[in-house]
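J.: Mapping to the numbering used here: the sequence shown position 12 is 12, numbers consecutive. Don't be surprised by glycine CBs; every beta carbon is placed ideally from N, CA and C. Just so we're clear, the structure is a prediction, and the values are computed from it rather than from any experiment. Input: one structure, supplied below.
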Amino acid sequence: MTQFSSLDIRYFFAVCIVIGVLIALEGVRQLLWGADTGAKSRTRRLQNLTAQTSVDGELGKLRVRVERSALESIPYFGDIPRRMKQAGMTLKPRLLLMISALATAVLFLLLQSYVNAVVAAAAAILIGMILPMSVINIFRKRRIEAFVKALPEALDLMRRGLSVGHPLNVTIQNVSSTLPGPIAEEFAIVAAQIAYGETLQDAVFELAKRMDQEDVYYLAATIQLQHSAGGNLGAVLGTLSKVIRKRFAMRRRIKAVSSEGRISAVILTALPFGMYAGTLLTAPNYYSGVSDDPLFIPMCIGIVFFVVGNGLMLHKLVSFRF
């Protein structure tokens with residue numbers, strides 16, 4: 001015991017830091033390269049289709065399955081499972097939270113030796129917790145945008161297949177084998193669901209729930225109405241493709257018109273921070289000379305509050321729901 005008590009506690013922290021860095025690197029690797037590629041997803045689907053399991057079991061694998069646990073009660077982190085599935089990531093949400101928490105603790109221990117505890121805690125939370133969520137949102141946004149952008153082409157491909165007499169499941173499989181990216185993976189899941197006995201309406205509605213996009217919900221509603229009222233499904237899909245393309249054109253026009261306002265909002269939001277950084281570089285004692293005044297901290301809190309409020313208000317003014 002005397003030998004262990006004589007050890008410097010810094011060695012213990014060093015071991016913890018090494019373990020934390022290794023786990024964080026593994027988490028980053030999973031976030032960046034752990035998403036299903038086209039070859040991986042096709043291999044997995046073939047394995048599922050060839051396995052000797054029940055139809056209900058295979059449909060259960062293909063349907064949306066999101067972990068429901070205590071994560072739902074955590075603000076900002078409760079919908080991590082859904083966002084990770086939409087981003088195409090295979091890392092377990094609980095494992096991601098464990099890695100983020102460990103990275104936050106390690107960063108806090110490292111930073112508190114150089115800055116005060118409040119700044120160290122804020123920086124550790126920003127890097128260890130907020131940054132991974134931002135990365136997930138970026139991958140999710142890119143994947144959804146790629147899917148929605150290719151959706152009109154997929155609908156036209158289905159319309160052409162139906163017009164020449166191909167069965168519906170063949171046209172859906174043609175989309176999964178012809179188009180690249182996430183739309184091929186998602187339509188392959190729809191084709192597998194239909195092959196296992198799922199109705200077209202339910203399979204497309206599951207697709208809409210997975211992507212959670214307005215255009216995909218329009219597709220699900222269109223197919224549901226066509227199934228109830230009858231009619232030419234190919235013509236309906238062609239009309240929906242034209243509507244989605246016109247919506248894309250309208251979104252581009254809105255972005256072009258609002259570009260000046262968005263740039264102004266970014267400049268006005270970043271200007272106070274730029275002025276603060278410039279003052280620290282040109283006159284380092286400008287703020288430290290009055291930091292002992294009792295009103296210094298309250299005024300700093302008020303300035304930060306108004307700057308953040310100004311940024312949020314400008315963001316609200318220049319953000320449009322397309």
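(1) Count the C-beta pairs between the segment 217 to 227 and the segment 187 to 195 that are closer than 8 angstroms, then say yes if the count reaches three, no if not.
(2) Who are the near neighbours of Glu67 in its chain, counting only those whose CB is closer than 7 angstroms to its CB and skipping five residues on each side?
(3) From the DSSP output, in three-state form, read off Ser319 for me.
(4) My output table needs one value for Lys92: the three-state DSSP class, helix, strand or coil.
(5) Specify the secondary structure class of Gly230 as computed by DSSP and reduced to three states.
(6) Roughly how many angstroms lie between the CA atoms of Leu237 and Phe248, to the nearest whole one?
(7) Between Ala184 and Ile194, is the Cβ-Cβ spacing less than 8 angstroms?
(8) Is the beta carbon of Leu157 sitting closer than 8 angstroms to the one on Asn174?
(9) Please classify Ala229: is it buried, with 16 or more other beta-carbons within 10 angstroms of its beta-carbon, or exposed?
(10) Across the segment 301 to 320 and the segment 262 to 281, are there enough close Cβ pairs to call them in contact, namely three or more that are closer than 8 angstroms?
(11) Near Arg262, what residues of its chain come up, given a Cβ to Cβ distance below 7 angstroms and the 5 sequence neighbours on each side ignored?
(12) Is the beta carbon of Leu240 sitting closer than 8 angstroms to the one on Leu155?
(13) Hey, quick one: how far does the alpha helix (DSSP H) through Glu185 stretch, first residue to last?
(14) For Glu198, which of helix, strand or coil comes out of DSSP?
(15) Between which two residues does the alpha helix (DSSP H) carrying Tyr287 extend?
(16) Would you kindly work out how many angstroms separate the C-alpha atoms of Ser264 and Phe306, rounded to a whole number?
(17) Taking 7 angstroms as the cut-off, is the CB of Tyr114 close to at least one heavy atom of the ligand COA?
(18) At what residues does the alpha helix (DSSP H) containing Val115 begin and finish?
(19) If you count every other CB in all the chains shown that lies within 10 Å of the CB of Ile138, and 16 or more means buried, which is it?
(20) Going by DSSP in three states, Pro294 sits in which element: helix, strand or coil?
(21) Looking at C-beta atoms only, is the number of pairs between the segment 98 to 113 and the segment 122 to 139 that lie closer than 8 angstroms three or more?
(22) Where do the ends of the alpha helix (DSSP H) carrying Ile138 lie?
(23) Which residues in the same chain as Leu179 place their Cβ atom closer than 8 angstroms to its Cβ, once the five residues preceding and following it in sequence are excluded?
T.: If we stick to the structure as given:
(1) no
(2) Unreliable placement is indicated for Glu67, whose pLDDT of 43 sits below 50; the coordinate value is still reported in the next sentence. Same-chain partners within the cutoff: Pro81, Pro93.
(3) coil
(4) coil
(5) coil
(6) 17 angstroms
(7) Taking 8 angstroms as the cut-off, the beta carbon of Ala184 is found no closer than this to the beta carbon of Ile194.
(8) yes
(9) exposed
(10) Contact between the segment 301 to 320 and the segment 262 to 281 is present, because at least three Cβ pairs lie under 8 angstroms.
(11) Val318
(12) Yes.
(13) 182 to 195
(14) coil
(15) Start and end: 285 to 288.
(16) 17 angstroms
(17) Ligands displayed in this structure: none; no statement on the ligand COA is therefore possible.
(18) For Val115, there is no enclosing alpha helix (DSSP H), as DSSP gives it neither H nor E.
(19) exposed
(20) It is coil, neither helix nor strand.
(21) yes
(22) 131 to 163
(23) Its chain contains Ala150, Glu153, Ala154, Leu157, Phe187 as the residues whose beta carbon lies nearer than 8 angstroms to that of Leu179, once the 5 sequence neighbours on both sides are disregarded; these appear in chain order.
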